[in-house]
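Notes to accompany the following structure.
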Amino acid sequence: MLSKYADEQRQKLAQADEAFENSSTLKELLARSEANKAKNKKDIQNKYCYRQAELGVGDCGGLRYIPGLTESGKQKTPQWLADLLGVDVSGQEEASSGKTLKELIYEKGE
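Sequential numbering from 8 applies to the sequence shown in this note's numbering.
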């Protein structure tokens, strides 16, 4: 009796799975997801590039513009980070020259 009930439940679940896999909703969502994939990837890369520039580390650590912190350029490397890395930051240049981070990111992507 229990095996018969279990078989019926498996069949119902299999039918429901098949109906979902063939549904127009799933196909529409997959198409929309694929269309947004490149945009979302670029947005994530930009977000992490901004963070790296803010801390002065990583691939974008040498870039100059940090949104919300300065208008003209990258803030000096924080002293706590310099101490942690064991580097001297006394001779850091002012951030008054060079391209902004947005310019560097979006020129690179085009």
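Backbone N, C-alpha and C define an ideal beta-carbon position, used for all residues, glycine too.
Put C56 into one of helix, strand or coil per three-state DSSP.
DSSP places C56 in helix when its eight states are reduced to three.
Measure the C-alpha to C-alpha separation of K48 and Q59 and round it to an integer number of angstroms.
Each residue's alpha carbon lies about 17 Å from the other.
Which residues in the same chain have their Cβ closer than 6 Å to the Cβ of V64, if we skip the five residues on either side of it in sequence?
Taken in chain order, the list of residues that qualify is empty.
Starting from D14, follow the alpha helix (DSSP H) in both directions and report where the run begins and ends.
That run of the alpha helix (DSSP H) goes 9-28.
Quick check on the burial criterion: 16 or more other C-beta atoms within 10 angstroms. Buried or exposed for E61?
So E61 counts as buried.
Might you give, ordered along the chain, the residues of its own chain that have their beta carbon closer than 7 Å to the beta carbon of G75, omitting 5 neighbours on each side?
Because the pLDDT of G75 is 48, which lies under 50, any placement of that residue in the model is unreliable, and the question is left without a value.
Quick one: Cα of S40 to Cα of G68, how far?
Cα to Cα, the separation comes out at about 31 Å.
Give the straight-line distance between the Cα atoms of N29 and K19, rounded to the nearest whole angstrom.
Going from the Cα of N29 to the Cα of K19 covers about 15 Å.
Would you call the CB atoms of F27 and L33 closer than 8 Å?
Going by C-beta atoms, F27 is nearer than 8 Å to L33.
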